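Protein sequence lines, in the order shown, are assigned to chains W and P. Each residue of the first sequence is one higher than the one before, counting from 7 in the numbering used here. Each residue of the second sequence is one higher than the one before, counting from 146 in the numbering used here. We treat Cβ as the ideally placed atom computed from N, Cα and C, and that holds for glycine. Quick caveat, the model's predicted, so the values are computed rather than measured. These notes concern the structure reproduced below.
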Amino acid sequence: NAGVTQTPKFQVLKTGQSMTLQCAQDMNHEYMSWYRQDPGMGLRLIHYSVGAGITDQGEVPNGYNVSRSTTEDFPLRLLSAAPSQTSVYFCASRDRGASYNEQFFGPGTRLTVL
Amino acid sequence: AQSVSQHNHHVILSEAASLELGCNYSYGGTVNLFWYVQYPGQHLQLLLKYFSGDPLVKGIKGFEAEFIKSKFSFNLRKPSVQWSDTAEYFCAVNRGSSASKIIFGSGTRLSIRP
Chain W
7 NAGVTQTPKF QVLKTGQSMT LQCAQDMNHE YMSWYRQDPG MGLRLIHYSV
57 GAGITDQGEV PNGYNVSRST TEDFPLRLLS AAPSQTSVYF CASRDRGASY
107 NEQFFGPGTR LTVL
Chain P
146 AQSVSQHNHH VILSEAASLE LGCNYSYGGT VNLFWYVQYP GQHLQLLLKY
196 FSGDPLVKGI KGFEAEFIKS KFSFNLRKPS VQWSDTAEYF CAVNRGSSAS
246 KIIFGSGTRL SIRP
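Now the structure itself:
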């Protein structure tokens, strides 16, 4: 299994540009989440999904959209990038079975918005 | 608001020193508790978790954590640290009734002097 994969690894955007961060998992996990990691603030939940067609907002959803058309993929869209969205983005997935199941994280995407 | 607090932002220790990293959460009711570690340049990995039973939980690499319900705490400990323990450590919580959402603390950066 490849686990959780994310592309791209690095991205530089100009203010106002749009882009999609890709996330895929091959473990048939129903739960998927997007986090951003900023110095001194830890990981903050952006959006999450409990299955195909179902998404919900996390702690910091503004400026981001998600969709979940398949179990495997959970892309994160920035419609109009802002410098405040400069961060490292992590995607994670977890099996639905038990609430204490481990989350598996992808390698991250480092995004810089100029 | 629901929160997870890690009061130690940066801890510096010498090899063989004992370690204790604090974690407090603000939820009532049933919770599942996790400690994740992020080694330099890598993604997050699970160290240990608590969901029921013995409040003293043992994880990988000699780490352990104690759940003290009355104090809403889940502190991470290791009796003798090694240089290879240099990493960032994150406490995380999800509520038994909202198992899909996991909230992270701000993280503690641990630096070990060889």
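Residue(s) in a DSSP beta bridge with residue i
i                  : result
Gly-57 of chain W  : W:Ile-60
Asp-230 of chain P : Paired residues: none, contrary to the question.
Asn-71 of chain W  : W:Arg-83
Lys-223 of chain P : P:Leu-164
Asp-44 of chain W  : W:Gly-48
Ser-215 of chain P : Note: Ser-215 of chain P sits in no beta bridge, so no partner.
Ala-237 of chain P : P:Phe-179 and P:Phe-249
Leu-201 of chain P : P:Glu-211
Thr-118 of chain W : W:Val-18
Per-residue DSSP class, three states only, for residue i
i                  : result
Lys-246 of chain P : strand
Lys-206 of chain P : helix
Lys-20 of chain W  : coil
Lys-194 of chain P : strand
Ser-171 of chain P : coil
Ser-148 of chain P : coil
Gln-109 of chain W : coil
Ser-93 of chain W  : strand
Ser-251 of chain P : coil
Leu-189 of chain P : coil
Val-66 of chain W  : coil
Interface partners of residue i on chain W, CB under 8 Å
i                  : result
Leu-191 of chain P : Glu-108 and Gln-109
Contact list for residue i against chain W, beta-carbon separation under 7 Å
i                  : result
Lys-250 of chain P : In the sequence as displayed, the identity of residue 250 of chain P is Gly instead of Lys. Those are Gly-48, listed as they occur along chain W.
Partner residues on chain P for residue i, Cβ-Cβ distance less than 9 Å
i                  : result
Pro-67 of chain W  : Within chain P, no residue comes near Pro-67 of chain W; the closest Cβ sits about 12 Å away, beyond 9 Å.
Pro-113 of chain W : Gln-187 and His-188
Gly-64 of chain W  : Lys-246 and Ile-248
Neighbouring residues, chain W, relative to residue i (Cβ below 9 Å)
i                  : result
His-154 of chain P : Gly-46
Residue i: contacting residues in chain P (beta-carbon distance under 8 Å)
i                 : result
Gly-22 of chain W : Those do not exist, as Gly-22 of chain W stays about 30 Å from chain P at its closest Cβ, beyond 8 Å.
Leu-51 of chain W : Lys-246, Ile-247, Ile-248 and Phe-249
Own chain, CB closer than 6 Å to residue i, minus 5 neighbours either side, in chain order
i                  : result
Met-38 of chain W  : Ser-55, Phe-80 and Ser-99
Val-18 of chain W  : Thr-118
Ile-213 of chain P : none
Ala-161 of chain P : Ser-225
His-155 of chain P : Arg-254
Residues near residue i by beta carbon distance below 7 Å, same chain, minus five either side
i                  : result
His-152 of chain P : Gly-167
Nonlocal neighbours in the same chain, by C-beta distance under 8 Å from residue i, ignoring five residues either side
i                  : result
Val-176 of chain P : Tyr-170, Val-238, Asn-239, Arg-240 and Gly-241
Item to check | Near-chain W residues of the region 195-218 of chain P (beta-carbon distance less than 9 Å), N- to C-terminal order | outcome: Those would be Tyr-195, Phe-196 and Ser-197, in chain order.
Checklist entry - Between the region 77-95 of chain W and chain P, which residues of the former have a C-beta closer than 8 Å to a C-beta of the latter? => result The residues in question: there are none.
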